[in-house]
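Residue numbers (my numbering): 6 to 308.
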């Protein structure tokens with residue numbers, strides 16, 4: 006049995022087999038373009054399709070994870086529509102006579118690198134959003150549309166990073182949990198994992214090896230521990246812990262909509278702590294009586 010440690014993002018226990026997620030994206034090569042006007046038109050059509058897809062994702066997200074979390078995709082849409090970025094892409098196509106995909110990848114890599122050098126710590130939280138938005142654009146240009154999922158049966162997904170749109174679109178009945186080598190606790194990907202109640206651990210680093218693909222695994226979302234090829238004793242222990250946690254959650258669900266009154270008749274205000282706008286959806290979903298503490302320092306640091 007091998008034990009790995011990461012940062013716990015979403016509580017819960019997941020037991021299954023690991024499958025490493027592979028995006029269906031071709032290598033981005035630098036290609037000379039003869040008809041630059043046609044290439045600009047190809048980019049504009051891809052941008053329009055990306056915007057349309059993000060509009061659909063926004064509507065899906067409002068139903069699935071609420072308005073506050075759905076704003077992630079409005080933000081991504083604004084990135085795609087940004088006139089400065091769009092103008093730069095078109096000018097470079099015309100001046101350098103090379104393909105749109107290569108230019109987009111260079112611009113985004115340069116933007117993220119420059120922002121990091123300037124010490125913009127908040128980018129670490131939202132880098133996945135930037136890459137998610139423009140990976141969509143590149144995917145459309147490359148005509149690659151389907152993600153490859155290895156198992157038909159439920160499994161634990163492993164990846165370097167998982168984008169917010171992927172969290173939303175994956176079939177929750179097939180995904181038992183997430184493990185990633187990178188990621189941040191306050192990223193939109195982490196927020197969505199918590200909102201959807203999927204046990205998740207991030208920041209495992211290079212200790213998460215592709216040679217573990219297909220092996221049995223336990224995710225302990227309460228401690229950030231991962232057990233590869235667990236022994237019988239460990240497996241039995243965590244099966245009991247998983248079942249107990251599921252029963253606990255089911256019992257809590259039964260309390261929604263009921264008044265917070267003790268057996269002696271004392272009414273109690275059950276309020277929630279909030280660190281950002283995404284937390285509001287959790288407050289509403291949990292049927293809290295209101296907000297007891299708003300952590301304004303997080304709002305300050307994000308801006």
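Ideal placement from N, C-alpha and C gives every residue a C-beta, glycine not left out.
Burial state of residue i, where buried means 16 or more other Cβ atoms lie within 10 Å
i, result
"residue 219", "exposed"
"residue 290", "exposed"
"residue 157", "exposed"
"residue 170", "buried"
"residue 279", "buried"
"residue 115", "exposed"
"residue 272", "exposed"
"residue 211", "exposed"
"residue 237", "exposed"
"residue 36", "exposed"
7 Å Cβ shell around residue i - same chain, five flanking residues per side excluded
i, result
"residue 250", "17, 18"
"residue 79", "63"
"residue 287", "200"
"residue 166", "133, 185, 187, 188"
Residue i - containing beta strand (DSSP E), residue span
i, result
"residue 22", "18-25"
"residue 278", "277-279"
"residue 183", "180-185"
"residue 160", "160-164"
"residue 168", "Premise fails: residue 168 is in no beta strand (DSSP E) and is neither H nor E."
"residue 242", "Looking at the DSSP string, residue 242 is not in any beta strand (DSSP E); the run it does join, the alpha helix (DSSP H), is 237-258."
"residue 272", "Note, residue 272: premise wrong, no beta strand (DSSP E); not H, not E."
"residue 37", "Segment: none, residue 37 is in no beta strand (DSSP E) and carries neither H nor E."
"residue 230", "230-233"
"residue 292", "That residue, residue 292, is in no beta strand (DSSP E); it is neither H nor E in DSSP."
Cβ shell of residue i (< 8 Å), same chain only, five flanking positions each side left out
i, result
"residue 51", "105, 142, 145, 146"
"residue 209", "9, 10, 11, 184, 185, 186, 231"
"residue 89", "none"
"residue 159", "21, 178, 179, 180, 181"
Span of the alpha helix (DSSP H) around residue i
i, result
"residue 195", "193-200"
"residue 45", "41-69"
"residue 96", "88-101"
Residue nearest to residue i in terms of C-alpha spacing, selected from the options
i, options, result
"residue 181", "241, 45, 202, 208", "202"
"residue 13", "82, 297, 227, 252", "227"
"residue 164", "95, 131, 237, 205", "205"
"residue 300", "292, 284, 290, 291", "284"
"residue 183", "7, 6, 24, 8", "24"
"residue 139", "60, 197, 55, 262", "55"
"residue 245", "133, 212, 20, 270", "20"
"residue 40", "79, 69, 99, 33", "99"
"residue 81", "92, 242, 94, 61", "61"
"residue 149", "254, 84, 31", "31"
"residue 207", "197, 292, 188", "188"
"residue 135", "65, 118, 113", "113"
"residue 92", "197, 267, 253, 49", "49"
"residue 241", "266, 270, 222", "222"
"residue 198", "45, 267, 66", "66"
Rounded C-alpha distance that separates residue i from residue j
i, j, result
"residue 177", "residue 110", "30 Å"
"residue 214", "residue 195", "21 Å"
"residue 294", "residue 274", "6 Å"
"residue 259", "residue 192", "30 Å"
"residue 229", "residue 72", "29 Å"
"residue 59", "residue 87", "14 Å"
"residue 33", "residue 256", "50 Å"
"residue 6", "residue 247", "19 Å"
"residue 47", "residue 137", "20 Å"
"residue 235", "residue 224", "11 Å"
"residue 262", "residue 174", "29 Å"
"residue 101", "residue 161", "44 Å"
"residue 132", "residue 117", "7 Å"
"residue 233", "residue 239", "11 Å"
Close Cβ partners of residue i (< 6 Å) along its chain, the five nearest in sequence each way excluded
i, result
"residue 297", "276"
"residue 108", "94, 97"
"residue 77", "169, 193"
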